[in-house]
Amino acid sequence: MSGHPVLRAARSGVTGRRVQAAVIGLVVGVSTAASALALGLIIDANAPFDHAFAAQQGAHATTTVDGSKATAAQLSATARLPQVAAAAGPFPETIVTAQVTIPGVLGSLHLPPVTLAGRASPGGPVDDIALDRGRWAQRPGEIVVSRDMPGPTLQVGQRITITGTRGTPSLTVVGIGKSITDSADGWVVPGEVAALRAPGASPAEQMLYRFRSAGSPGAVSSDVAAVRAALPPGSLLGSQSYLTVKLQATSSIAPWVPFIVAFALIGLVMSVLIVVNVVSGAVVAGYRRIGVLRSIGFTPGQVVAVYVWQVAVCAVAGCLGGVLLGNLLSVPLLGQTARVFGVGSLAIPVWVDVAVAAGMLALTGIAALLPALRAGRLSAVQAIATGRAPRPDHGYAAHRLLGRARLPRPLTVGLAAPFARPARTLVTLVAILLGATAATFAAGLSTSLDRAELDLSHSGSEPVQVDLGAGLVKAKLGAPRPPGTEEPAAVQQRAVEAALRAQPGTLRYVAEADAQVAVPGIPGGAWVRAFRGDASWTGYAVITGRWYHGPGEADVNTYFLTATGTSVGGTAAITSGGKRVMVRIVGEIFDPENGTASVLTDFRTLAGVLPGLTPRQYDVALRPGVNAGRYASALGPVLGQDLGVSLNGTDPLFVSLLALVSALTVLLMLVAGLGVLNTVVLTTRERAHDLGVFKAVGMTPRQTIAMVVSSVAGIGLVAGLIAIPAGISVHDYVLPAMGHAALTGIPPSLLDVYQPWELALLALSGIVIAAGGALIPAGWAARTRTATALRAE
Amino acid sequence: MNLLVQLSDVTKRYDGGGAPAVDNVSLEVGHGESVAVMGPSGSGKSTLLNLIAGLDRPTSGSVHVGGDRVDKLSETRLARYRRGKVGMIFQFFNLLDDMTVADNVLLPAQLAGVPAARARARAAELLAALRIERHRDAYPARLSGGERQRVAIARALVNRPALLLADEPTGALDTATGEEIGELLLDLNSSGQTLVLVTHNPDLAARYASRVIRLVDGQVSTATGAR
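So the sequence lines, in the order shown, correspond to chains A and B. Position one of the first sequence corresponds to residue 1 (the numbering used here), numbered consecutively onward. Position one of the second sequence corresponds to residue 1001 (the numbering used here), numbered consecutively onward.
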């Protein structure tokens, strides 16, 4: 086979049909980008911790050493142990108590104990801290806080006051960062740690290690033992294995994997369909030219080679551009995913880029080869005749029937068009269906996540909490109670309740006590929340059963039921301090609690097993229209400095998730729209001559646009209607799968999320995709000169 | 003479330079006239017809038809002009294969928003007059060439245009059928229909046109009376 004529014919095929070449390149490019992104998401969703851990050179072990027992030289020497691959430190470390002011809220909020490490820079051979915002601390008085620091979400510029040390120093937040192994809650310059340490506290040093062998808990323990042995006895105060952190990270990731995978699969299937459609359509549209090539002496093999080359040139360009686009898109999208997963930064693996590009090229080649082989076997005359128009008789009846409809003629002509190419119509329908299904699923998922966030944060039902923690300690540890006087804690509670009753805006409140109890069958026991008074309004969604009515009854989470093998209606034993009480389980509540068992019950249920149980906090509901922030700022000064008033805010995790859902949905709808664009371009090219006839007999540009858009609007409407049950099915399948991964059932309120008006709007999503994809080629068709179109064959 | 068509110094050049397809042509056609435009292949006959029909725009000069400055109309107004003032017949009929005969004929009326009953009545009247009513539900592919051209004529006349433009209307037909179509056009002209006919058949021009304009290399070489 002579190569030159083939290459020349292929080149002229590309340059002579620039629009088609551009569409092939564009579709292959966007599909490659979507596939790379989809596959990257699946891979990263399955192993984000490992990725981030490797990228940030996470510490296999984070150790705390007593600085008064081990010298800096001894600590540095541990870096040379044969087990140690790399080490960082010693970094001075301390645990502080702190409070923070929240904009718009008067008074201060107490933070849980904060671990601070002194580091001159975020980088280093171990534990390369990812800085999300701001910069690293450069001088005393500055702090970088961990994104996952317990307590309220802090912003750059906010100030934290360290309590319990001389002078109550104040630190300005200059950056927000994240250590993959949570080595600290915040970082300051090394020289400042000593000034923040509580009076009399021993100096502590942090050492971070990467070991040569750390694949199992046993290996890490053995490595840590070697470090312990190398240090003075008793100086190693504690260590945390990266495997523990990984376990926690994985359990928090698991619930989100099903929805990421659902989106990714939709994207992959849609990309494959659209690429096959565009490439085979392009070859079929070239049948007439194939006939001409045959007539001037091209062999069947050469014809096949011409078309495969022609498509390959566009596909290679598309693949390269697509890989680039996919990686560019991955920066914000995987960044979002990484934030959701709390694991630093993520990127599409190189092997995914290579595999997707190779797969897409192979797919394109096959899609081009099959119709080209068929065309190559046709005689010149047959190819020319076949290439002129769709197979005769297809769609004639549709034209006839729709011609009688009382609709404008351009619309009925357009609506009948899909029947001329049933296979292409089917592929287009599936592409729109997948896009609309993604939209329906995303709409439901967003509502479910919104409601889950409300259920879990309790921000809707009890937006304000009064923390008795610090005051309670003072009340208990204060001067001995004179005989005949009341328990100080009880006095404090009465004072709080009086303040709550007096505070304008209070709707209701309930005292809550928490305790760890033993339950047969649950290793580590269960976390029990006991309420003094009616707490049915606190916002726990009931999955099955009902809210408890009095002492002896309890609601438990799904994990409790699974671990104990009980069910609603059964009983469970709660044990503490050698005493036991039996409770009747009356309801299953939505309370994942990161895979721990939880029990909600009346305060009186625990009177026998926990006689000294004291409320830890008050949960407060507000009257409609009352601003929680203003309420808290007004209540704070009334309660005094020893009592913390906190707000149940929106979890940033859910905000990130909703943004991720939106981004993925928009991307999928764009790909579907591109599939429509391809179909319309192919059909418009094929029917260019008919278009000329329509214009010649008086079709206006606006009527032309209406005709072209309506040629896919019908498909869009059908796809949108099918997408409603399809999207709901995906939602109803994926949500329980997410719940299952989070070890919880899903309450009906999170499943029954679709409102009739919302479904009606979602049914139009197919038309939106169709119209969006068709508008550009419809505009081209409207602008085409009539004489030019009439000359088209 | 009551003018229907007036072309003044019309030139049409296609992209890429070279000789103009129509070169400085001026032409007038009165109401009720039948004018044949003749010339060899590539002489610019069809381009001239396209310019009168508003299917293409001149590079320079002006085209007036029935009071409209056709070369200055927007695309939308051009479409309205084509559906209201002119009807076109093509050599290869340009019927839409996936529509029945009746639907093809009705199309310009439907695009113009003519009430359905009135459009149907007009189509039936034309199909009867052109003796193709038995084919009203047939598809064009099943008709003979002559029948197809009759359908095209019916479609061209459905909106009662002032001007009928025919581009080689018998070029794809055998002699006998061509005669039939020629007679039909003659009858139409006799009933007052203005006709501009492009042909390279001198016999057709001589028999069915009252005036013949000859184009050579885009320029009017002679204009003579005929018939």
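We treat Cβ as the ideally placed atom computed from N, Cα and C, and that holds for glycine.
Asked, Found
"Reduced DSSP category for Ile1132/B - H, G, I as helix; E, B as strand; rest coil", "coil"
"Cβ separation of Lys178/A and Ile143/A, assumed to be a contact under 8 Å, to the nearest whole Å", "That pair is no contact at about 14 Å."
"Lys474/A - DSSP class collapsed to helix/strand/coil", "Note that Lys474/A scores 40 on pLDDT, short of 50, meaning its location in the model is unreliable; the coordinates nonetheless yield the value given after this. Lys474/A falls in the helix class under three-state DSSP."
"Reference Ala741/A, options Gly772/A, Pro592/A and Leu236/A, closest by Cα", "Pro592/A"
"N- and C-terminal bounds of the alpha helix (DSSP H) containing Asp1187/B", "Thr1175 to Ser1190"
"Tyr209/A - partner residues in DSSP beta bridges", "Ala61/A and Ala87/A"
"Exposed unless 16 or more other CB atoms sit within 10 angstroms - verdict on Leu1007/B", "buried"
"Reference Ala285/A; option with closest CA among Ala372/A, Arg139/A, Val466/A and Pro203/A", "Ala372/A"
"Closer than 7 Å to chain A by CB, Gln1006/B", "no"
"Where Asp1149/B meets chain A, residues with beta-carbon distance less than 7 Å", "With the sequence shown as reference, residue 1149/B is identified as Gln, and Asp is not the correct amino acid for it. Simply none; closest approach about 15 Å."
"Cross-chain neighbours of His399/A in chain B, by beta carbon under 9 Å", "Leu1096, Asp1098, Met1099, Thr1100 and Asp1103"
"Local conformation of Tyr287/A per DSSP, three classes", "helix"
"Assigned exposure category for Pro796/A - 16 Cβ within 10 Å defines buried", "The question about residue 796/A has no answer, for chain A in this structure spans 1 to 793."
"Chain B contact for Met707/A (CB, 7 Å cutoff)", "no"
"Segments of 4+ residues assigned as alpha helix (DSSP H) that fall wholly inside the region 722 to 760 of chain A", "748 to 751"
"Member of Leu600/A, Gly636/A, Gly365/A and Pro258/A whose CA lies at the smallest distance from the CA of Thr795/A", "This structure leaves residue 795/A out entirely; chain A is present only between 1 and 793."
"Cut-off 7 Å between Cβ atoms - residues of its own chain near Gln493/A, not counting five sequence neighbours on either side", "Ala511 and Pro615"
"C-beta neighbour in chain A for Arg1122/B, strict 7 Å", "no"
"Residue range of the beta strand (DSSP E) that includes Trp187/A", "Gly186 to Val188"
"Where Leu1195/B sits in the DSSP three-state scheme", "strand"
"7 Å Cβ shell around Pro480/A - same chain, five flanking residues per side excluded", "Residue placement at Pro480/A is flagged as unreliable, the pLDDT there being 46, under the threshold of 50; a coordinate-derived value is accordingly withheld."
"Within 7 Å, strictly: CB atoms of Phe590/A and Ala541/A", "yes"
"C-beta neighbour in chain B for Pro701/A, strict 7 Å", "yes"
"Proximal chain A residues relative to Pro1108/B, where beta-carbon distance stays under 7 Å", "Val697 and Gly698"
"Delimiting residues of the alpha helix (DSSP H) encompassing Gly134/A", "Counting along the chain, Gly134/A falls outside any alpha helix (DSSP H), though it belongs to the beta strand (DSSP E) covering Ala130 to Gly134."
"CB contact check: Arg1142/B to chain A, cutoff 7 Å", "no"
"Residue nearest to Ser1221/B in terms of C-alpha spacing, selected from Asp1023/B, Ala1019/B and Leu1003/B", "Asp1023/B"
"Close-in-space but distant-in-sequence residues of the same chain around Trp547/A (CB under 7 Å, 5 per side omitted)", "Ser536, Asp555 and Gly587"
"Proximity test, Cβ basis, 7 Å: Ala1138/B and chain A", "no"
"Test item: CB-CB of His458/A and Ala420/A under 7 Å", "no"
"Gln99/A to Arg584/A span [Cα, whole Å]", "41 Å"
"Contacting positions in the region 1009 to 1032 of chain B - beta carbon closer than 8 Å to chain A", "none"
"Chain-ordered neighbours of Leu1111/B on chain A, where CB pairs are closer than 9 Å", "Pro408, Arg409, Pro410, Phe694, Val697, Gly698, Met699, Thr700 and Gln703"
"Per DSSP, cross-strand counterpart(s) of Val1022/B", "Lys1012/B"
"Opposing strand residues paired with Arg529/A [DSSP bridges]", "Asp514/A and Leu600/A"
"Short Cβ contact (7 Å threshold) for Thr564/A with Gly521/A", "yes"
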